[in-house]
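In the working numbering, the protein residues as written are -3 to 338. Beta carbons: idealized from backbone N, C-alpha and C, even for Gly. Remarks on the structure that follows.
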């Protein structure tokens, strides 16, 4: 293929990768912002009737609600993504996540409306989790289906890098506010600013995503499915049923491979904030800066490991072991340092 004919394809693929990175960064900014706020202020604002320990547990319980909603969102958006296309289903969760995050920034506190405040908080958190479940897999999938098979591991890692990028952005905004505001001002109104800023990020993400072309793999699969249905008179009704019946082992292995990474990740990014501030007695900005540094390292290393995950299946599996192991060790070390230092 000549260079002129390759250039439009490269530009189109670049737009897909860029749109996926920006979209996932915005989504994870919203998702992680809630976790940091739950650790720092939500117990005081939405559960003031409880003692500090119970209030913190209640705040983290609302944080956990989003995790229960994520697989539901993945199933729903995954089903319709296989039906009507990847591109269309990447816009809806972005709007849902942004809308829920913006509304959290406008929520009245317990002191204003009583028990209605935490109820509304839980509802909006459910929407966040549902939206992220539909967003994350779809963003990775559309990049994977646009890329060449030999480089899919590398290019698919870039939407994954949106997770630490979003955490970096959310933690950075909170750290900046915590550094230049008093604790009273931050608790009173400063915490709302990062949530309201989500509206600006959503507009940017939406503008970029609307320019993305549909996945060529999906278009080919849609054409093949239409031909099969016309020939046999049978149309597949639930793609998720096909996946779980034919590829159950692969699904379970993929889920299990993420457990160690995700548990240690959220211990560092959520629990550590509370521990450093409330137990060790250090400033919130100190804890936020620690998460900021970890997120920056995470952002750099994801594409590096993505580059390793090419070639044979054995090579891909082998390259998954070092980062998972290092992830667990580094975060255990971070927690040990936090619990034993001065």
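message = Since residue 21 and residue 161 should fall inside the 8 Å C-beta cutoff, what is the C-beta to C-beta distance between them, to a whole number of angstroms?
response = Along the chain shown, one-based indexing puts residue 21 at 25. Along the chain shown, one-based indexing puts residue 161 at 165. Indeed they touch by this definition, with Cβ atoms about 4 Å apart.
message = Buried or exposed for residue 147, going by 16 or more other Cβ atoms inside 10 Å?
response = Mapped onto the chain shown, residue 147 falls at position 151. By the 10 Å Cβ count, residue 147 comes out exposed.
ask   = What does a CB cutoff of less than 6 Å around residue 18 pick up in its chain, not counting 5 residues either side in sequence?
value = Locating residue 18 in the chain shown gives position 22, where the first residue counts as 1. Here the set comprises 201, 204.
key: Whole-angstrom C-beta distance between residue 12 and residue 138, which should lie under 8 Å   = Translated into the one-based positions of the chain shown, residue 138 becomes position 142. Translated into the one-based positions of the chain shown, residue 12 becomes position 16. The pair is a contact, with the Cβ atoms about 6 Å apart (cut-off 8 Å).
key: Cα-Cα separation between residue 31 and residue 175, rounded to whole angstroms   = Along the chain shown, one-based indexing puts residue 31 at 35. Along the chain shown, one-based indexing puts residue 175 at 179. Going by the C-alpha atoms only, they are around 19 Å apart.
message = Can you give me the C-alpha to C-alpha distance between residue 225 and residue 194, rounded to a whole angstrom?
response = Position 229 of the chain shown, counted from the first residue, corresponds to residue 225. Position 198 of the chain shown, counted from the first residue, corresponds to residue 194. About 43 Å.
request  = To the nearest angstrom, report how far apart residue 240 and residue 127 are at their CA atoms.
outcome  = Reading the chain shown from its first residue, position 244 is the one you call residue 240. Reading the chain shown from its first residue, position 131 is the one you call residue 127. So the alpha carbons of these two residues sit roughly 22 Å apart.
request  = Buried or exposed for residue 173, please, with buried defined as at least 16 other CB atoms from any protein chain shown within 10 angstroms of its CB.
outcome  = Here residue 173 corresponds to residue number 177 of the chain shown, with the count starting at 1. Result: buried.
Minimum length 3: unbroken beta strand (DSSP E) runs contained in the stretch 59 to 89 = none
ask   = With distances taken from CA atoms, which of 9, 234, 76, 132 is nearest residue 93?
value = One-based indexing of the chain shown puts residue 93 at position 97. Of 9, 234, 76, 132, the residue nearest in Cα terms is 132.
task = Report the three-state DSSP secondary structure of residue 105 (helix, strand or coil).
result = Locating residue 105 in the chain shown gives position 109, counting from the first residue. Residue 105 falls in the coil class under three-state DSSP.
Three CB pairs or more closer than 8 Å across the stretch 261 to 270 and the stretch 278 to 290 = yes
query = When you compare only the Cα positions, how much space is there between residue 207 and residue 274?
reply = Here residue 207 refers to the residue found at position 211 of the chain shown. Here residue 274 refers to the residue found at position 278 of the chain shown. Each residue's alpha carbon lies about 46 Å from the other.
query = In three-state terms, what does DSSP make of residue 262?
reply = The residue given as residue 262 occupies position 266 in the chain shown. It is helical.
Residue 274, enclosing alpha helix (DSSP H) - first and last residue = Position 278 of the chain shown holds residue 274. No alpha helix (DSSP H) holds residue 274; DSSP gives it neither H nor E.
query = Relative to the C-alpha of residue 209, which residue among 123, 255, 36, 86 is closest?
reply = As a position in the chain shown, residue 209 is number 213, starting the count at 1. Checking every option, the nearest Cα to that of residue 209 belongs to 86.
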